[in-house]
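So that you can map any letter, position 32 of the sequence shown is 60 in this note's numbering, and since no number is skipped, the others follow by simple counting. Note that beta-carbon positions come from the ideal geometry of N, C-alpha and C, so glycine has one too. Predicted model, so just to flag it, every value in this text is computed and none were measured.
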Amino acid sequence: MLFLTLVIACNPSQNNQTDLADTDNAVSLEQLADSVLQARQNHLQTDILSRHIPDLEIADAYNIQFSMLEKELQQGAKLVGWKLGGTATKDSTKFNPALGYMLDRNLVPDQGTMPVDHFPGGSADLEAEIGFVIKKDI
29 MLFLTLVIAC NPSQNNQTDL ADTDNAVSLE QLADSVLQAR QNHLQTDILS RHIPDLEIAD
89 AYNIQFSMLE KELQQGAKLV GWKLGGTATK DSTKFNPALG YMLDRNLVPD QGTMPVDHFP
149 GGSADLEAEI GFVIKKDI
């Protein structure tokens, strides 16, 4: 089955922030995951990662993301899929794919609507993408 999915990018013009700690203090990846998850669940824009770890390594980013996934699953969410993306460049050796998870609570049914207040800053850009449903794990 072929279907379209939407990637939602928040408009950075709003300055809603979740404050975890002063930027001079060391913060654990687990605390950062909690803060980003809180921002996501409250539909807030946050710059917590760039304030605390401006040179965030890919491995740490994935550790934060998988910690968030574990917490969301513990809160009752169901994992419904994975997203793989990236930005193409002229130099194919610089392509760095990004992996993300999709939860049942983030699905919008056909003909469904999503309140604008679910987007940080009350504004969103939409990008159509093609996705595939695969019946078995690969």
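Contact check for Ala61 against Met96 passes: the beta carbons are separated by less than 8 Å. Contact between the segment 73–91 and the segment 101–109 is absent: fewer than three C-beta pairs spanning the two stretches fall below 8 Å. Look at Gly140 here: in three-state DSSP terms it is coil, with no helix or strand label. By the criterion of a C-beta distance shorter than 8 Å, Leu57 is surrounded in its chain by Asp88, Asn91, Ile92, Ser95, once the five residues flanking it on both sides are discounted.
Under the three-state reduction of DSSP, Ile158 is assigned to strand.
Of all alpha-carbon atoms in Pro137, Asp145, Val136, Gly114, the one lying nearest the alpha-carbon of Ala126 is that of Gly114.
Here Ala152 carries a strand assignment [DSSP, helix/strand/coil].
Scanning the segment 49–103 from its first residue to its last, no whole beta strand (DSSP E) run of 3-plus residues comes out. Annotated three-state conformation of Lys122 is helix, per DSSP. DSSP lists Met130 as the beta-bridge partner residues of Gly109. In this structure, the CA atom of Asp165 is about 21 Å from the CA atom of Glu100.
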